[in-house]
Amino acid sequence: MEKLLVSPNPHIHAPVSTKTLMRDVIIALIPAVICSFVFYGWREILLMAVSVASCVLLEWAITKYMLRKPSTIGDLSAVITGILLALNLPYSTPWWVVMIGAVVAIGVAKMTFGGIGQNIWNPALVGRVFLLVSFPTYMTTWGAPKGFVDAVSGPTPLGAIQEGLMQGASVQELTSAFNYKDLLFANLGGSAGEACALALLAGFVYLCCRKVIKPWITLSIFGTVALTSLIFWGIDPSRFTDPLFNLLTGGLILGACFMATDYVTSPMSLWGGVIFGVGIGFLTMMIRYFGSYPEGVSFAILIMNSVVPLLNMWFHQKKFGRK
Amino acid sequence: MSKRTFSIGGVHPHDSKISRGCPICPLPLAPTVYISVAQHIGAPSVPCVAVGDKVKVGQVIAEPGGFVSAFIHSSVSGTVKSIGPRPDLAGRPVTHIEIAVEGDEWADGIDTTDTLITEIPSDNKAIVEKIRLGGVVGLGGATFPTHVKLSPPPGSKCERVIINGCECEPYLTSDFRTLLEKGEQVVVGAAILRKVMGDVPCTIAIEENKPEAIAHIREVIAKLGYDGIEVMEMKMMYPQGGEKQLIDAVMHRQVGSGALPISVGAVVQNVATALAVYDAVQKNKPIVDNSVTVTGECFPNQANLLVRVGTPLRYILDYLGGIPADAAKVISGGPMMGRAVANLDAATVKGTGALLLLTEAQTRRGEESECIRCGRCAEACPMGLEPFLLQKLSRNADVEALEANAAHDCIECGCCLYSCPANIPLLDWVRLGKGLAMGAIRARAAAAKAAAEAAKK
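Protein chains in written order, with our numbering: chain A, 145 to 467; chain B, 392 to 848.
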């Protein structure tokens, strides 16, 4: 008698796996990586290589020697953490600081909770915020770009605004120094991930087209940032920056497109996702306007990450034929 | 107008309808057939022939074992050789009636000609009785006795009959071929069904990947001049052929948890069932055969065959050249909801619609990894459930939470497991959880009944 396989239905599977999804995210990050290379040169690529290698190696070592489980590096999620961490740092960050960031991102934020799928906070952001708090000098020294195009050096736009406001200048004077076209196409001081808004948005569109992510989290972040800043700017344009400036500066686009949409640390339902996005957008603007840091996207995402279990509990999909 | 589909979830696998060009051909008679007495949902039928009896095609060999049960007819002429347990396709013993085939002599009163009879009998009760006597059961998968469906409980009213021609499972083409080749009969069957339900309107739902069938059925309706029957072109989406999903798609009404379609005024019958209704009512011909798609990329001789009920699966496959060496799994039905065959010596039943052969590479389940909380399973679930949650609750056997999260609403369509990137056996776990939740619900109902009876005394 012939041998037949017997198993319950379904008997076929969609051509999708954790690895193919993560590979799509990496593909979506390629334009931003190329952009940061063009603006910041080889040093940026080196930084990224150190970051990715540290993340992957660390995850491999932890699964093998501490958890004694099959290695999970094949799912490529550690590669993404590495790329995102590098994109969040100034290109001039020393290599050993990057490695500390990787240890915190993978070792503390991800593997301590049990690895992929279990972490509460976005690993790359935890790494970034840890470095920001521990090494503020390195993390806010934005050296002049040494890339292949002429680029403006100096502080980040948001940093410049906060600095200027403290010295009594008005927002109008300060923002007039920036050309919004430059903001869209990069040319400004900042971390590599803030480099080119257009490249990041291209990656976001790719992820939506490939149905890797749903756009609602990202769009609700953009919408809330635009609306909140519109209200404040409308009240006092000399104290508060305008919506377009807020949409294009800082890590907002990188955060909204690639960090807030991380599956593991974002809500699963539509309305949960919308509230998550609104929360991130609002907190970002509060930190930017009233906080002591010029930039608040990282903190806003991490704070809202903590609320995700609650959002998952409160918001469920509408069940068929039930009220 | 955009094409309709159901409102929650669904997946869209590659449709793989590679046997769509194969006309339905009769399969030569097998030397012996094995007719199961449990071919429908409900009580098994009771054999009413004895070993040694001579039977003709269409003769009753088993009678209903209850209200929800069905007549079973001999599919061949010959001699009853044995009545006893025999493994079904899963290998479980079920009573079968073994008949050695001798010639092909049909019982009296069955019209075996191809003449189309469009005149519909006037007496509804007589029609339903003919459907009952014809052993007609739902051929879309659930094999629910059709006459029961056509006798709605008092107080409920049918507002629309839906003929399910979606055939949303990949690979299957027997309904498509039936629509093309027996379109007139299907439409007359539909007309009979809508008349029985009180002259309600009737929708024949066909998915957009069968444009020939849509055009043909529209032509047939115009030619026959029936009123109240329309063809609705549906968007391609699995599991649109699911009863609740199809009602949602066609009527924008959702059947509640545990409720019957009639509660929202719908009666759904499959295309093959409409044909069986035509045969039973117009031709006095009970279900003795059905069309079976035999397909798979690894199977060179794709075919749609007209197979007598009770034909051994091995006989069908051997007729088409045997099982190819690289076929690893034989599935009775489609790849999403079909059942894997453990025993090729099992025989076909009324509801057998397809035999699908898949290679190991096509059917291999990937290695399970951690849930990444992507939510694809919840997005795919056509019942709006959260398989990622249900599988955890099921692992912990948390019956209360399973019920609260509607595990018992699962229709086992397989969309969750199909779309899970981490290859978590979601449906396997949800099915276990569904069993637990159903058990709790039944136990509660039984306890309430017992308490009510005790109170009476």
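Don't be surprised by glycine CBs; every beta carbon is placed ideally from N, CA and C.
Measuring alpha carbon to alpha carbon, tell me which residue in the options is nearest residue i.
i	options	result
Arg-477/B	Arg-767/B, Pro-703/B, Lys-674/B	Pro-703/B
Ser-460/B	Pro-417/B, Thr-534/B, Thr-396/B	Thr-534/B
Thr-216/A	Leu-202/A, Leu-229/A, Ile-227/A	Leu-202/A
Pro-812/B	Ala-771/B, Ala-798/B, Ser-513/B, Gln-576/B	Ala-771/B
Gly-245/A	Gly-261/A, Val-273/A, Lys-462/A	Val-273/A
Val-166/A	Thr-428/A, Val-441/A, Gly-218/A, Ser-180/A	The amino acid occupying residue 166/A in the given sequence is Met; Val does not appear at that position. Checking every option, the nearest Cα to that of Met-166/A belongs to Gly-218/A.
Leu-342/A	Ile-397/A, Trp-186/A, Pro-267/A	Ile-397/A
Met-448/A	Glu-188/A, Lys-463/A, Phe-434/A, Leu-427/A	Leu-427/A
Ile-178/A	Asn-263/A, Ile-189/A, Ala-158/A	Ile-189/A
His-538/B	Ser-547/B, Ile-511/B, Val-587/B	Val-587/B
Leu-746/B	Gly-775/B, Cys-762/B, Ala-769/B, Leu-711/B	Leu-711/B
Thr-371/B	Val-646/B, Pro-602/B, Val-662/B, Gln-430/B	In the structure displayed, chain B extends from 392 to 848; residue 371/B sits before or after that span and is not available.
Ala-253/A	Ile-431/A, Leu-231/A, Gly-271/A	Gly-271/A
Pro-545/B	Ser-654/B, Ala-846/B, Ala-837/B	Ser-654/B
Ile-851/B	Val-646/B, Val-451/B, Gly-525/B, Leu-748/B	Residue 851/B lies beyond the range of chain B shown here (392 to 848); nothing can be said about it.
Pro-512/B	Ala-769/B, Cys-762/B, Arg-585/B	Arg-585/B
Leu-231/A	Met-192/A, Ile-206/A, Ser-151/A	Met-192/A
Where do the ends of the beta strand (DSSP E) carrying residue i lie?
i	result
Tyr-282/A	Taken as a continuous stretch (DSSP letters only), Tyr-282/A belongs to no beta strand (DSSP E), being part of the alpha helix (DSSP H) at 280-284.
Lys-840/B	Note, Lys-840/B: premise wrong, no beta strand (DSSP E); alpha helix (DSSP H) at 817-847.
Leu-749/B	745-750
Arg-477/B	469-478
Val-424/B	423-427
Pro-238/A	Neither: Pro-238/A is in no beta strand (DSSP E) and is coded neither H nor E.
Val-451/B	451-454
Lys-720/B	718-723
Would you list the one or two residues that DSSP bridges to residue i?
i	result
Ala-596/B	Asn-555/B, Met-623/B
Asn-695/B	Ile-415/B, Thr-684/B
Gln-660/B	Ile-554/B
Ser-489/B	Reading off the sequence shown, one finds Glu at residue 489/B, where the question assumed Ser. Glu-489/B pairs with Tyr-425/B, Ser-473/B.
Val-732/B	Bridge partners of Val-732/B: none, in fact.
Since residue i contacts residue j with CB under 8 Å, what's their CB separation in whole angstroms?
i	j	result
Pro-238/A	Tyr-184/A	With 8 Å as the limit, Pro-238/A and Tyr-184/A do not qualify as a contact, their Cβ atoms being about 15 Å apart.
Val-108/A	Leu-233/A	The question about residue 108/A has no answer, for chain A in this structure spans 145 to 467.
Pro-154/A	Leu-818/B	7 Å
Ile-638/B	Phe-464/A	Going by Cβ atoms, the distance from Ile-638/B to Phe-464/A rounds to 11 Å, so no, they are not a contact pair.
Gly-529/B	Gln-660/B	7 Å
Val-441/A	Gly-378/A	About 22 Å separates the two Cβ atoms, so there is no contact after all.
Val-448/B	Val-467/B	6 Å
Arg-411/B	Met-623/B	Between Met-623/B and Arg-411/B the Cβ distance is about 20 Å, and since that is not below 8 Å, they are no contact.
Thr-372/A	Met-457/A	Not a contact, Cβ separation roughly 27 Å.
Glu-510/B	Tyr-425/B	Contact flag wrong, Cβ pair sits at about 37 Å.
Pro-381/A	Gln-316/A	6 Å
Looking at residue i: is its Cβ nearer than 7 Å to the Cβ of residue j?
i	j	result
Glu-751/B	Ala-719/B	yes
Gly-482/B	Ala-733/B	yes
Asp-406/B	Asn-695/B	no
Gly-830/B	Ala-798/B	no
Cys-807/B	Pro-778/B	yes
Ile-501/B	Lys-676/B	yes
Cys-549/B	Gly-619/B	no
Ala-667/B	Val-527/B	yes
Val-428/B	Pro-417/B	no
Gly-556/B	Ile-518/B	no
Ile-554/B	Ala-582/B	no
Leu-269/A	Leu-455/A	no
Phe-397/B	Ala-650/B	no
Thr-569/B	Thr-684/B	no
Arg-756/B	Ser-810/B	no
Glu-493/B	Gly-475/B	no
Pro-652/B	Cys-559/B	no
Cys-199/A	Ala-222/A	yes
Thr-393/A	Pro-301/A	yes
Ile-361/A	Gly-421/A	yes
By the DSSP assignment, the alpha helix (DSSP H) with residue i in it spans what residues?
i	result
Asn-456/A	441-458
Gln-306/A	301-310
Thr-372/A	360-379
Asp-789/B	Counting along the chain, Asp-789/B falls outside any alpha helix (DSSP H), and DSSP gives it neither H nor E.
Ser-180/A	162-184
Gly-425/A	414-434
Asp-800/B	First-last for Asp-800/B: undefined, no H or E at that position.
Pro-387/A	387-392
Glu-520/B	515-524
Cys-352/A	341-353
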